[in-house]
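Notes follow once the structure below has been shown.
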Amino acid sequence: MPADALPERMRQLAGSHPALVGMPLLLIAALAVTVAIHPDFNSFDAQSMAMAALPLAFAAAAQSVVVISGGLDLSIGSVMAVCNVLAASTMENANFGTSLLIAAAIIGAGAAIGLVNGLLVVVSHVPDVIVTLTTGFIWGGAALLIMEKPGGGAPDEFLAIGTGTVGTEWISSSLILLVVAVAIIWLPVRSSKVGLRIYAVGSDRTAAFRSGVAIGPSRVVAYIIGGLFSAVGGLGLTMTTGIGSPRAGVLYTLSGLAAVVIGGVSLVGGRGGVVGPVIAAFVLTLIPADLIFLNIDPNFGQVIQGTLIVLVVMAGGFLALMRTRR
Amino acid sequence: MSAPAGASPTFTAVGGVLPWLQRHTIVVLVLLLLAFIGCVDLVKPGTVNPVWLSNTLLFAAPLGILAAGQTMVMLTGGIDLSVVSVATGAAFLMTTVTLQVGSGWAVVVGLALGVAVGLINGIGIAVLRVQPLVMTLGTGLMTQGSIIVYSQRILSTRSVVPDFIHVLGGGRLAGLVPIDLFLWVPIAAAVILCLNRSGFGRLLYAIGDNQEACVLAGIRVWRVLLADYTICSLLAAAAGIALVGDTNSADLSLAETYLLPSIAAVIIGGTSIFGGRGGYSGSIIGALILTVLNGLLTLLDSPEPVKQILYGVIIFLLAAAYTRLTD
Chain P
-6 MPADALPERM RQLAGSHPAL VGMPLLLIAA LAVTVAIHPD FNSFDAQSMA MAALPLAFAA
54 AAQSVVVISG GLDLSIGSVM AVCNVLAAST MENANFGTSL LIAAAIIGAG AAIGLVNGLL
114 VVVSHVPDVI VTLTTGFIWG GAALLIMEKP GGGAPDEFLA IGTGTVGTEW ISSSLILLVV
174 AVAIIWLPVR SSKVGLRIYA VGSDRTAAFR SGVAIGPSRV VAYIIGGLFS AVGGLGLTMT
234 TGIGSPRAGV LYTLSGLAAV VIGGVSLVGG RGGVVGPVIA AFVLTLIPAD LIFLNIDPNF
294 GQVIQGTLIV LVVMAGGFLA LMRTRR
Chain F
29 MSAPAGASPT FTAVGGVLPW LQRHTIVVLV LLLLAFIGCV DLVKPGTVNP VWLSNTLLFA
89 APLGILAAGQ TMVMLTGGID LSVVSVATGA AFLMTTVTLQ VGSGWAVVVG LALGVAVGLI
149 NGIGIAVLRV QPLVMTLGTG LMTQGSIIVY SQRILSTRSV VPDFIHVLGG GRLAGLVPID
209 LFLWVPIAAA VILCLNRSGF GRLLYAIGDN QEACVLAGIR VWRVLLADYT ICSLLAAAAG
269 IALVGDTNSA DLSLAETYLL PSIAAVIIGG TSIFGGRGGY SGSIIGALIL TVLNGLLTLL
329 DSPEPVKQIL YGVIIFLLAA AYTRLTD
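Residue numbers (the numbering used here), protein chains in the order written: chain P, -6 to 319; chain F, 29 to 355.
Given below as C-alpha cells:
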C-alpha cells in the first residue's frame, strides 16, 4: 500500500459517509470540552455518562433505521416505556437466569410491537407521522396499564449488565452492551439484501418498486428492527435506573429524533447509518452534564438540544441554498 | 365501537352514494359527530342537554383554535410540532408578567412569544428549506426548555391569570353560551374566508399542491410560508391563553396533551398531511368529534390508561377510514 493511500481513503470515507468521520470528531470535541471545564473528570463520571446515554443511544438507533427506510416512528419512547415496565414488573423476584429469559421475551415483544407499527403504516395508508403518533399514545397507555406508578426491580446481576465495568474502571459495561446490540441487530441487516432493500425503499420508493423490491415488507422490517432497538433501550432503562417507570420513556422519542438529525441521517430517507446518531446521543448527553459542571441550570440542556437541531438543519439548508445560487 | 357504526353505511352503499359522499366528506363528519353524541346519550341517558353542549363547545374551542393554525400549515404540506410548547409558553409567560405590566400588555407579551417562535419556524422552513417536522421539533424543544428555565428563575413571582382572560376562557354568557366562542367563531370565520376567498389562502393550497410550480409561476413562496407559520404560532399562543383562562392556573404541562388531538382533528377533518387538499370547516368538526370522544371516554369511567388506549385506537380507526374513503 502506498504511503498516501490511507489519507486518500480517509478522504473518500469523509466524502461518502460524512457522519462517520464528523460525529466521532464532534464527540471527541465534546469530551475535550467536558474535561476542560471539569478537570477532575474521573472514571465515575465516565461511567455515569455512558449509562445516561445508553437509552437515548438505542432510541436514536431505532429511529435511524426507520428513517433510513423513508418512514418515521414517533412511538419509540412509548415502546421503550412498555419494555421498561414489563422488565421491572416481571423480574422483581426473578433470579439471573430467569431474568435473561424474560429479557429475551421482551425483545421479542419489542419486535412484535414494531411489526404492528409497521403493518399499520403500510396497510392503512395513513401517513406514518399520524400512525405512530397514535400508536405512541396507545403503547403509552399500555405502559401505564402494566405499571401505574414507578416501581419494580430486577436482580442485581441483570442490572450489572448496564451498570458494571469491563476491564478498567473507565469502560462501562453499558458501552459493551450498546456495541454488541448494534452489532447483532444491525450489522447482519446492513450487510445483507434486506438492508439494501431498506436503503433502496427509503431513497426512492418508485425506483425500488420498479427494481422489484417489495416495498411494504421492507418498510415493515425497518419498523421491526426499530422495535428491537427500542426493546433493548427499554431494558437498558431498567438496568441503569433499576426500576420501571411508565412515563420515563416518553422523553426519548423526540430526543432520539434529535440525535438522528444531528447524527447526519436525512429525514428524506435512504441516507446515513446507525453509528452517527448513536454517537450524537452521547454528545446530547454530555451537554446537560457540562452545564451541571459549569453550575448552570441543567434545564438549559433542552434549550441547547433544540437550538442545536435548529442550527444544524438551518446550516444544512443554508449550504444547500448557497450551492444552488452558485 | 361507534366509529365504524357511523361510517359503515358509506362503505356498503353502492352506486352514486359513495362518490357523492367522497365529494361531500363534511356530511360524513357531521354524521360521525352525531353518532358520537348519540353514543354519549346511550351510555348515560339524559346527558346530552344544553349544559353538556355548552361544556363541549367550551372545551373544544382551544383545540379548535390550535387546529386552525395546524390546518393552515398542513395545507402547504407542512406540520407544526411546536404548537403545544408555544401554547403553554404563551399562557405561562402571560400569567407571570400580569402583575408587572398589566393585563392588556400581558396578553400582548404572550402573543408575542407566538409570533417570535413562528418567525423562527418560518425562516427555517421558508427561507432555508428545512423540513417542517425537524424545524418545529427543534423550536418546540427550545421553547419548552426556555420556559422551564424561566419558571425556575421567577419562582418568587406570583402568576396571575388576568380577570378578562379568565372570563374569556371559562365564562358563560347567560350561563349557557361559552364566552370563548367569541374568540373561536371570529377566528374560524377569518380562517375559512382567508382559505376560500383570499389570494393568500389560494396560495396555501397551491403550495401544498405543487411548490415547484408555484416557484416557476413567480410566487414568492418563502413569503407565503413565513406568514403561514407565523400565523400558526400566533393562533397557538391564542389557544394557550384561552386554555389558561379555563384552568385559571398556568403550569408547564398546560397544553402538553394537545399535540396528538391538534393534528388528529385536522386529519380527521379531511386535510391531507401532504398538502393541497382540505379546509378548516372539516377541522372544526374534527375538533368537536375529539372533544365529544374525550367526554364519552370520561363518561365510561374507565381508568386513565384504558382511556388513553381507546382514544388512540379510535383516532387511528377514524384516520384509516377517512383515508380509505378519500383515496
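Don't be surprised by glycine CBs; every beta carbon is placed ideally from N, CA and C.
Against P/Asp290, the close residues of chain F are Val177, Gln180, in the order they occur along the chain (beta-carbon pairs closer than 7 Å).
The segment 97 to 113 of chain F makes contact with the segment 163 to 183 of chain F; the number of CB pairs closer than 8 Å reaches 3 or more.
Cβ proximity to chain F below 9 Å picks out Leu126, Thr127, Thr128, Gly129, Phe130, Ile131, Trp132, Gly133, Gly134, Ala135, Ala136, Leu137, Leu138, Ile139, Glu141 from the segment 125 to 149 of chain P. For P/Arg203, the secondary structure class from DSSP, reduced to helix, strand or coil, is helix. Pairing F/Ile175 with P/Met73, the inter-Cα distance amounts to about 27 Å. Distance check between P/Leu228 and each of P/Val28, P/Thr161, P/Ala98 places P/Ala98 closest, using alpha-carbon atoms only. The segment 70 to 85 of chain P makes contact with the segment 137 to 145 of chain P: 3 or more CB pairs, one atom from each, lie closer than 8 Å. P/Ser166 and F/Val294 have their alpha carbons spaced roughly 46 Å apart. Within the segment 254 to 285 of chain P, contact with chain F at the beta-carbon level (separation under 7 Å) is assigned to Val254, Leu260. Secondary structure note for F/Arg181: its alpha helix (DSSP H) is the uninterrupted segment 160 to 181. A Cβ-Cβ separation of about 6 Å places F/Leu121 in contact with F/Val137 under the 8 Å criterion. Nearest CB-CB separation between P/Ser117 and chain F: below the 8 Å threshold.
Under the Cβ distance rule, F/Ala348 counts among the residues neighbouring chain P, one pair being separated by less than 8 Å. Comparing alpha-carbon positions, the option among F/Ala202, F/Gly303, F/Arg352, F/Thr99 lying closest to F/Ala216 turns out to be F/Thr99. With distances taken between CA atoms, P/Gln40 lies nearest to P/Thr233 out of P/Met307, P/Gly299, P/Thr233, P/Leu260. Contact between F/Ile301 and F/Met102 holds: their C-beta atoms lie close to 6 Å from each other, under 8 Å.
F/Glu240 does not reach chain P, its nearest Cβ partner there being about 13 Å away, counting only Cβ pairs nearer than 9 Å. As the crow flies, the alpha-carbon of P/Val109 is around 43 Å from that of P/Ile289. Looking at the backbone, the Cα of P/Val187 and that of P/Gly235 are separated by about 36 Å.
By the beta-carbon neighbour count (other beta carbons within 10 angstroms, threshold 16), P/Val296 is buried. Going by DSSP, P/Ile217 is part of the alpha helix (DSSP H) stretching over 208 to 234. Counting every other CB atom within 10 Å of its CB across the protein chains shown gives P/Asp149 a total below 16, marking it as exposed. Using a Cβ distance threshold of 8 Å, P/Pro32 and P/Ala136 do not count as a contacting pair. DSSP, reduced to helix, strand and coil, places P/Gly237 within a strand of the structure shown. Nearest neighbour of F/Leu316 by Cα position, chosen from F/Arg51, F/Ala63, F/Val45, turns out to be F/Ala63. Taking 9 Å as the cut-off between beta carbons, the residues of the segment 295 to 309 of chain P near chain F are Gln295, Val296, Ile297, Gln298, Gly299, Thr300, Leu301, Ile302, Val303, Leu304, Val305, Val306, Met307, Ala308, Gly309, in sequence order. Distance from the CA of F/Val177 to the CA of F/Ala134, rounded to the nearest whole angstrom, comes to 19 Å. Annotation for F/Gly74: no residue places its beta carbon closer than 8 Å to its own, counting only its chain and skipping 5 residues before and after.
Within a 10 Å sphere around the beta-carbon of P/Ser71 sit 16 or more other beta-carbons, which makes this residue buried. Taking a 10 Å sphere around the C-beta of P/Phe286, we find 16 or more other C-beta atoms and assign the residue as buried. In this structure, DSSP gives F/Pro47 a helical state, which the three-state scheme calls helix.
Non-local C-beta neighbours of P/Val258 in its own chain, meaning closer than 7 Å and more than five positions away in sequence, comprise Ser57, Val60, Ile61, Arg264, Gly265, Gly269, Pro270, ordered along the chain. With a threshold of 8 Å between beta carbons, F/Thr299 makes no contact with chain P.
One Cα belongs to F/Leu221, the other to F/Leu204, and the distance between them is close to 27 Å.
Remark: three or more beta-carbon pairs, one from each stretch, lie closer than 8 Å, so the segment 153 to 162 of chain F and the segment 250 to 257 of chain F are flagged as touching.
For F/Leu169, the C-beta contacts it makes with chain P under 8 Å involve Leu247, Ala251, Gln295, Val296, Gln298, Gly299, Ile302, in order along the chain.
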